[in-house]
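Colleague: Protein chains in written order, with the working numbering: chain A, 1 to 185; chain B, 1001 to 1360. There's a structure below that I have some questions on.
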């Protein structure tokens, strides 16, 4: 055993094994051409993101174009980083119905945990697959309601149907249903 | 008139060699990144030109237009001098390398050797002397930057170069004993006649059918190659640079063209070391079969082609090793240099000289 170890040391056996590994990959890449690089040319080709990917948060609309959000503030309460600010107000002339007059998200603080999406009783929030949101000015990352709605329009072209039996003045709390639209891939 | 012709021919030869070396440096910067990425399942540069082949040009332009920063605490003179001290010795060694057969051409009554710039009778000593001066560039650059990482890199370079320069010198003594000459041209000429006569096998020295075994320069070759990897500060011996420990070692404070000088010096040193290794151990411009396949003048270019193949083979080996091995620890480097390579090189000298003394 000791002799074998000595021979291995003097012939650089371990180093040669390592060099065989690298040259094998090299030959497979260049000569046999049966191996591809595992990296992607990122801006030109993008990898497939899983359906559960947690990217930028978007506000959703119903298929008739009305906002889903009922201004209940539960997302603001659920948010661990105090990203969300909701200013709720009554709908003019419909005292039972409320909406978010102002809705803003400070995405510099967001940790993309998805608790707001889970907290939302009307499935008005969803997480998109967008992640390339580098900005020169950090104030550009404080998204207001039109921007969040635009994110939703952009990423979820298929809108959820507003249910028939839903009374216009009563929010339909679909807790436990989790019937979010599927993300665009 | 004779002097003028000789000088003109020399200038042309020098220009051709310099342009070739600089082009090779440019090719190597790309080739290294490509070969490394192919070995490591990556793609390497892909953006500039098709498959990134214009990357060296882009790099050159970028380095040329970059701001040239001298830190306020730096020693201005030594800081500016260090890249030049590094670069010139790297290029100067190419003067004594035989690129092709030692033939003479008559030009306006002057005999000119077209494939050899000069044939100094102490060629190999000249190369060793100048590569040692190149180490001063690293050490001075590290000291003059007034930066602790640079200084650490410079100190490491000093220790490493002293340790491994010794092994380089001792490893080639076996070849010098066998050839009986310090001239690179003579050493190359003595290895004519096929692969068995190259110094790495060593049958070309007239010592009989079996008695070539003790003068085989395999150990010398291995020691020379490892020590030269260490001397050019390449992985796994890149302790002076050591990206993960010392930012960029002695190059930390350098930018723009000064950095480019260091960069070029490193690659030129790699080429020089490969040239010397192929001349000393692998027969230089000699083909692995006796003589040449092509007749006349074409045969000379066949020799140059073989030399190029050998040099590029060595350069590929440099990349290959870099892709495979991680960096040594500092004490491992020192122990390996002094306790493994030095005894091996000394044993090689003793065995070779005893064999030559009794058998020739």
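By construction, the Cβ of each residue, glycine as well, lies at the ideal position given by its N, Cα and C atoms. All values derive from a computational prediction rather than experimental measurement.
1) Just to confirm my understanding: we take residue 106/A, look at its own chain, exclude 5 residues before and 5 after, and list those with CB closer than 6 angstroms. What are they?
2) Quick one: grab the DSSP three-state call for residue 1139/B.
3) Determine whether the Cβ of residue 26/A lies closer than 9 angstroms to any Cβ atom of chain B.
4) Answer yes or no: does any C-beta atom of chain B fall closer than 9 angstroms to that of residue 21/A?
5) Pull up the CB-CB distance for residue 55/A and residue 131/A, whole angstroms please, since I reckon it's below 8 angstroms.
6) Does the pairing of the stretch 1049-1068 of chain B with the stretch 1116-1131 of chain B give three or more beta-carbon distances under 8 angstroms?
7) What whole-angstrom Cβ distance do residue 1188/B and residue 1299/B have, given they're in contact under 8 angstroms?
8) What's the call for residue 186/A, buried or exposed, on a 16-neighbour Cβ count within 10 Å?
9) I need the straight-line Cα distance from residue 1259/B to residue 1178/B, nearest angstrom please.
10) List the residues that DSSP assigns as beta-bridge partners of residue 1247/B.
11) List, in chain order, every chain A residue whose beta-carbon is nearer than 9 angstroms to that of residue 1346/B.
12) Using Cβ-Cβ distances below 8 angstroms, what residues of the stretch 28-57 of chain A are close to chain B?
13) Taking CB distances under 9 angstroms as the criterion, tell me whether residue 114/A reaches chain B.
14) Please confirm whether residue 125/A and residue 116/A have their CB atoms less than 9 angstroms apart.
15) Can you name the residues of chain A whose CB is closer than 9 angstroms to the CB of residue 1325/B?
16) Could you tell me which uninterrupted alpha helix (DSSP H) segments, each at least 4 residues in length, are contained entirely in the stretch 1310-1360 of chain B, listed from first to last along the chain?
17) Just to make sure I have the definition right: I need the residues of chain A whose C-beta is within less than 7 angstroms of the C-beta of residue 1039/B. Which are they?
18) Mind checking who residue 1105/B pairs with in its DSSP beta bridge?
19) Would you mind reading off the limits of the beta strand (DSSP E) that contains residue 86/A?
20) Relative to the C-alpha of residue 981/B, which residue among 1222/B, 1176/B, 1001/B and 1302/B is closest?
21) Would residue 1223/B pass as an interface residue toward chain A - the criterion being a Cβ-Cβ separation below 9 angstroms?
22) Below 8 angstroms on C-beta distance, what does residue 1001/B contact in chain A?
23) Sorted by chain position, which residues of the same chain lie with C-beta nearer than 6 angstroms to residue 1034/B's C-beta, five sequence neighbours on each side aside?
24) Hey, does residue 1042/B have any beta-carbon neighbour from chain A nearer than 9 angstroms?
25) Using a Cβ-Cβ distance cut-off of 9 angstroms, determine whether residue 1201/B contacts chain A.
26) Can you tell me which of the three DSSP states residue 146/A falls into?
27) For residue 1257/B, collect the residues of the same chain with a Cβ closer than 7 angstroms to its Cβ; drop the 5 residues on either side in sequence, then sort them by chain order.
28) If we count Cβ pairs, one from each stretch, closer than 8 angstroms, do we get three or more for the stretch 1141-1149 of chain B versus the stretch 1314-1329 of chain B?
29) Is any heavy atom of the ligand FAD found at a distance shorter than 8 angstroms from the C-beta of residue 1089/B?
30) Give the residues from the stretch 1313-1342 of chain B that approach chain A closer than 8 angstroms (Cβ to any Cβ), ordered along the chain.
Modeller: Let me spell this out:
1) For residue 106/A, where only same-chain residues beyond five positions count, the Cβ hits under 6 angstroms are 83 and 142.
2) Helix at residue 1139/B.
3) Taking Cβ atoms only, chain B reaches closer than 9 angstroms to residue 26/A, which makes this a yes.
4) Yes - at least one Cβ of chain B is within 9 angstroms of the one on residue 21/A.
5) Correct: roughly 5 angstroms between the Cβ atoms.
6) The stretch 1049-1068 of chain B and the stretch 1116-1131 of chain B do not touch, with fewer than 3 CB-CB distances between them shorter than 8 angstroms.
7) In this structure residue 1188/B does not touch residue 1299/B by the C-beta definition: roughly 15 angstroms separates them, more than the 8 angstroms allowed.
8) This structure does not reach residue 186/A, given that chain A is present from 1 up to 185, and the question cannot be answered.
9) Their backbone Cα atoms lie some 41 angstroms apart in a straight line.
10) According to DSSP, residue 1247/B bridges with nothing at all.
11) Ordered by position in chain A, no residue passes the 9 angstroms Cβ test against residue 1346/B, which lies about 16 angstroms from the chain.
12) Listed in sequence order: 29, 30, 35, 37, 38, 39 and 41.
13) Residue 114/A does not count as touching chain B.
14) A distance below 9 angstroms separates the beta carbons of residue 125/A and residue 116/A.
15) Result: 15, 18 and 19.
16) Counting whole runs of 4 or more residues, the stretch 1310-1360 of chain B contains the alpha helix (DSSP H) stretches 1330-1335 and 1342-1359.
17) Chain A residues near residue 1039/B: 22, 25 and 26.
18) Paired residue(s): 1112/B.
19) Residue 86/A: member of the beta strand (DSSP E) spanning 84-91, first to last residue.
20) No answer is possible for residue 981/B: the residues shown for chain B start at 1001 and end at 1360.
21) Not an interface residue.
22) The premise fails here: residue 1001/B is roughly 53 angstroms from chain A at the closest Cβ pair, so nothing lies under 8 angstroms.
23) Around residue 1034/B, the same chain offers 1044 as residues with beta carbons nearer than 6 angstroms, after the five sequence neighbours per side are excluded.
24) Cβ-Cβ to chain A under 9 angstroms: yes for residue 1042/B.
25) No, no contact with chain A.
26) Three-state result, residue 146/A: helix.
27) If we look at residue 1257/B and ignore the five residues flanking it on each side, its Cβ neighbours are 1063, 1064 and 1068.
28) Counting Cβ pairs under 8 angstroms, fewer than three are found: no touch.
29) Here there are no bound small molecules, and the ligand FAD is not part of this structure.
30) Correct list: 1320, 1321, 1323, 1324 and 1325.
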